[in-house]
Amino acid sequence: MKHMEVVGVRVEMPSNQPIVLLKESDGDRYLPIWIGGVEATAIALAQQGVAPARPLTHDLLRDVLDALDTGLETVNITGLNDGIFYAELVFSNGVEVSARPSDSIALALRTGTPIYAHEDVIAEAGMPIPDEQEDQVEAFREFLDNISPEDFGRRTE
Numbered sequence: 031m032k033h034m035e036v037v038g039v040r041v042e043m044p045s046n047q048p049i050v051l052l053k054e055s056d057g058d059r060y061l062p063i064w065i066g067g068v069e070a071t072a073i074a075l076a077q078q079g080v081a082p083a084r085p086l087t088h089d090l091l092r093d094v095l096d097a098l099d100t101g102l103e104t105v106n107i108t109g110l111n112d113g114i115f116y117a118e119l120v121f122s123n124g125v126e127v128s129a130r131p132s133d134s135i136a137l138a139l140r141t142g143t144p145i146y147a148h149e150d151v152i153a154e155a156g157m158p159i160p161d162e163q164e165d166q167v168e169a170f171r172e173f174l175d176n177i178s179p180e181d182f183g184r185r186t187e
């Protein structure tokens, strides 16, 4: 398993499909995962430190875990089958629950939980970004600094 960092979310053109981009902490491969608009908004809000007026589902799950005194130990991106990514939530009590990567990442950002991806998944879907494309990554980071939930077609009220 490789430790991953969340670079951010963006909308892929021309399909208008949101993606979350992960990067190996100790490598040069990026893992793009296509996600839904609601999950993209949840991830973007967490990255920006925005607390909605009412808890979103991921906020609620974090609060339930706190109330039950159970921590989220790791989020693991475990598989890729027919273009669909799979993840597991690993809890402090040893329980593992299958989940969508987008929901898992949104929860991990809210709880400060590390994210890992199986080497096979990175080998299959990961992409190294050569030095000459680093400017594009920097432009992507600038884009993330200026994105808002409304960019995903949903209001947070």
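No gaps in the numbering here: position 111 of the sequence shown is 141 in the working numbering, and each next residue is one more.
C-beta: ideal position from N, C-alpha, C; glycine also.
Cβ neighbour criterion (16 or more within 10 Å) applied to residue i
| i | result |
| --- | --- |
| S55 | exposed |
| V151 | buried |
| P48 | buried |
| V39 | buried |
| M43 | exposed |
| M34 | buried |
Which of helix, strand or coil DSSP assigns to residue i
| i | result |
| --- | --- |
| G113 | coil |
| S128 | strand |
| T108 | strand |
| R40 | strand |
| R59 | strand |
Among the options, the one whose alpha carbon lies nearest that of residue i
| i | options | result |
| --- | --- | --- |
| G67 | K53, L51, S132 and L110 | S132 |
| T141 | E103, V36 and E126 | E103 |
| I73 | V50, R59, N111 and P44 | V50 |
| F121 | T143, E69 and G113 | T143 |
| S95 | E118, D112 and N123 | A small correction: the amino acid at residue 95 is Leu; Ser does not occupy that position in the sequence shown. Out of E118, D112 and N123, N123 has the C-alpha closest to the C-alpha of L95. |
Straight-line Cα distance separating residue j from residue i
| i | j | result |
| --- | --- | --- |
| L86 | D99 | 20 Å |
| S128 | I159 | 30 Å |
| H88 | A136 | 7 Å |
| E126 | F115 | 17 Å |
| E187 | A81 | Because the pLDDT of E187 is 45, which lies under 50, any placement of that residue in the model is unreliable, and the number read from its coordinates should be weighed accordingly. Straight-line Cα distance between these residues: approximately 11 Å. |
Host alpha helix (DSSP H) of residue i (start-end)
| i | result |
| --- | --- |
| H148 | Element bounds for H148: n/a, residue is neither H nor E. |
| V94 | T87 to A97 |
Delimiting residues of the beta strand (DSSP E) encompassing residue i
| i | result |
| --- | --- |
| V50 | Q47 to E54 |
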